[in-house]
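Colleague: For reference, the structure I am asking about is given below.
Structure below.
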């Protein structure tokens, strides 16, 4: 229902889900004016960065060891140095468990050392779940506000009228 009003964002979300950085960069470039106009350029850059991270995380499920250059090629980063920057940042933030051998530029992936069996970790998981529930409630509330907004209703009815008009003319 929102896609006619937010085509750039809808396309961004669809391409993000495909895990293809080249396509994502193309969509970002194509709609850069809309993202800039909406003051969302920073958010869109975070989406691009997030896709690289997501693809690096996927590599941890396939490989035990991988060269930085091979990683850069597989996730479509420009260089081994850029791959190293991402890996170091992700290790620092606990997003992946890995080590880099500086001599040969190899990344070794490790299993998560956390066993999730202590009270502190269970408390942390509970807190994260509560945050997710709260965020879900906020999204539902925002969605409700949008659907009763007169401008949204008018625009969505206008786009439906256009659809109805084109359908009736095709039956004539």
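In UniProt numbering, the protein residues as written are 1 to 172. Yeah, the Cβ is synthetic: ideal placement off N, Cα and C, and Gly gets one too.
1. Could you check what DSSP says for residue 100 in three-state terms: helix, strand or coil?
2. Across the stretch 128-145 and the stretch 76-93, are there enough close Cβ pairs to call them in contact, namely three or more that are closer than 8 Å?
3. Just reading off the beta strand (DSSP E) that residue 66 is part of, what are its end residues?
4. Hey, is the stretch 67-74 in contact with the stretch 11-18, meaning 3+ C-beta pairs nearer than 8 Å?
5. Given this structure, state the Cα-to-Cα distance separating residue 8 from residue 19, to the nearest angstrom.
6. Quick check on DSSP: helix, strand or coil for residue 107?
7. Counting beta carbon pairs with one atom in the stretch 18-32 and one in the stretch 42-54, are three or more of them shorter than 8 Å?
8. Does the Cβ of residue 135 have 16 or more other Cβ atoms within 10 Å, making it buried, or fewer, making it exposed?
Modeller: According to the structure shown:
1. strand
2. no
3. 65-67
4. no
5. 17 Å
6. strand
7. yes
8. exposed
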